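Taking our numbering as reference, the numbering of the sequence shown is continuous, increasing by one, and the terminal residue is 304.
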Amino acid sequence: MVGLNLPNTVSRDHAYFSGSRELFSIDPPNLAADRMNILGRPNDITPKGRSQAARQATITPKPPERESTMTIAATDQTTMVVDFLKQFMFDPNQRHHELLTKPTFGGPSDRNYNLKNSRTRRFLQWEEQTFGINLGWTDDDDPGTATRVSRWFIARPTGSAGPVRYGESIALGYGKDPSFIRYEDRTVGINLNWSNSPVFEWKLLGGPAGRAVRSGDWLAIYNKRAGDCLIYFDRTLGGDIGWPSSKTWTQQFTEHLGKLLTQAVKEHWKEAVALLLAT
Numbered sequence: 026m027v028g029l030n031l032p033n034t035v036s037r038d039h040a041y042f043s044g045s046r047e048l049f050s051i052d053p054p055n056l057a058a059d060r061m062n063i064l065g066r067p068n069d070i071t072p073k074g075r076s077q078a079a080r081q082a083t084i085t086p087k088p089p090e091r092e093s094t095m096t097i098a099a100t101d102q103t104t105m106v107v108d109f110l111k112q113f114m115f116d117p118n119q120r121h122h123e124l125l126t127k128p129t130f131g132g133p134s135d136r137n138y139n140l141k142n143s144r145t146r147r148f149l150q151w152e153e154q155t156f157g158i159n160l161g162w163t164d165d166d167d168p169g170t171a172t173r174v175s176r177w178f179i180a181r182p183t184g185s186a187g188p189v190r191y192g193e194s195i196a197l198g199y200g201k202d203p204s205f206i207r208y209e210d211r212t213v214g215i216n217l218n219w220s221n222s223p224v225f226e227w228k229l230l231g232g233p234a235g236r237a238v239r240s241g242d243w244l245a246i247y248n249k250r251a252g253d254c255l256i257y258f259d260r261t262l263g264g265d266i267g268w269p270s271s272k273t274w275t276q277q278f279t280e281h282l283g284k285l286l287t288q289a290v291k292e293h294w295k296e297a298v299a300l301l302l303a304t
């Protein structure tokens, strides 16, 4: 039995049971006969034979729980942001195989992958936009959709065989013409555009440098020109993709992530990217 204690300043009619997060009522004696407490016993929670005074002396008030900034502040906020940035996964429907490269979309079809996001639980795909680069999200993550949008592929500068490795420079392509995405300044939307030739300005981060990347790994997609990682970004115009450094990120994301995580990302995204690069 958990020891309880009731100071004079706390009402006996409403107290917290020490050891439980639930609030329950300690009824006055005249109502105890027809009530059951949270342990499934009569409302007198003391062992049989203990006096009312003894019971009163063993009730301890527990302050209401609240969303405490102390708990969040005690965590490593940079590590929390690292986990947030690792929001992409290649080929989740066929997990734990190594990702292999090819120079063009016309290469082996088993080296085409889909790309899922942890925030939207949808796949990133080519999608026509009125503003910005033609990228968007699927309507669902059904197996048929996963197969349909398995059009992402990865190229490396040397064209050498072997799996993609964390930290190496790669090009990202999609099975359209033009195929490759690259950094480019825009007035509206994320600073990306399509390229006919591969641009080796991307890195996959989130695992030890040099380790093979596998399908089903949550990872960050880093662009060297931007010095930043791709994230889901709820835009008014253009495809819903961006960077943590995007100017309106804080205003758009607070309602989705909560103030604590939003503030952490705003203040620590650079440290988080540096930690990913140093891994």
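All residues carry an ideal CB built from backbone N, CA and C; glycine is no exception.
Just so we're clear, the structure is a prediction, and the values are computed from it rather than from any experiment.
In the structure shown, the three-state DSSP call for D165 is coil.
Shortest Cα-Cα distance from L302 to any of I246, P203, S134, D116 involves I246.
Distances from the alpha-carbon of F130 to those of L124, P203, A171 put P203 closest. DSSP, reduced to helix, strand and coil, places K111 outside both helices and strands of the structure shown, so it counts as coil.
Contact between S175 and Y199 does not hold, since the beta-carbon distance rounds to 11 Å and is not under 8 Å.
The residue among T183, N248, N218, P128 with its C-alpha nearest the C-alpha of Q154 is N218.
Scanning G161, D242, S134, Y208 for the CA closest to the CA of H121 turns up D242.
Across the set G235, R144, R260, the C-alpha of R260 shows the shortest separation from the C-alpha of G214. Within its own chain, the residues whose Cβ lies closer than 7 Å to the Cβ of A297, once the five positions on either side in sequence are excluded, are T103, V106, V107, L110, listed in chain order. The Cβ-Cβ distance between G264 and R211 does not fall below 8 Å.
Assigned with DSSP and collapsed to three states, L244 falls in strand. By the Cβ neighbour-count rule, L230 is buried, with 16 or more other Cβ atoms within 10 Å of its own. Straight through space, the alpha carbons of D167 and D101 are spaced by roughly 36 Å. Membership of L197 in the beta strand (DSSP E) is indicated by the continuous run 196–199. For a cut-off of 8 Å, the C-beta gap from Q150 to G132 is around 20 Å, too long to register as a contact.
Listed as beta-bridge partners of L229 by DSSP are I246.
If you ignore the 5 residues before and after K201, its C-beta comes within less than 6 Å of the C-beta of W151, all in its own chain and listed in chain order. Contact between T163 and T170 holds, since their C-beta atoms are separated by about 5 Å, short of 8 Å. According to DSSP, residue pairing for E193 in a beta bridge does not occur. Judged by DSSP in its simplified three-state form, W294 adopts helix. With contacts defined as CB atoms closer than 8 Å, T304 and A234 qualify as a contacting pair. For P223, same chain residues with a beta-carbon under 6 Å away, outside a window of 5 residues either side, are A180, A196, F205 in chain order. Relative to T287, the option among L300, P269, K295, N159 whose CA is nearest is P269.
Relative to the Cα of G187, the nearest Cα in the group P117, N159, R136, L244 belongs to R136.
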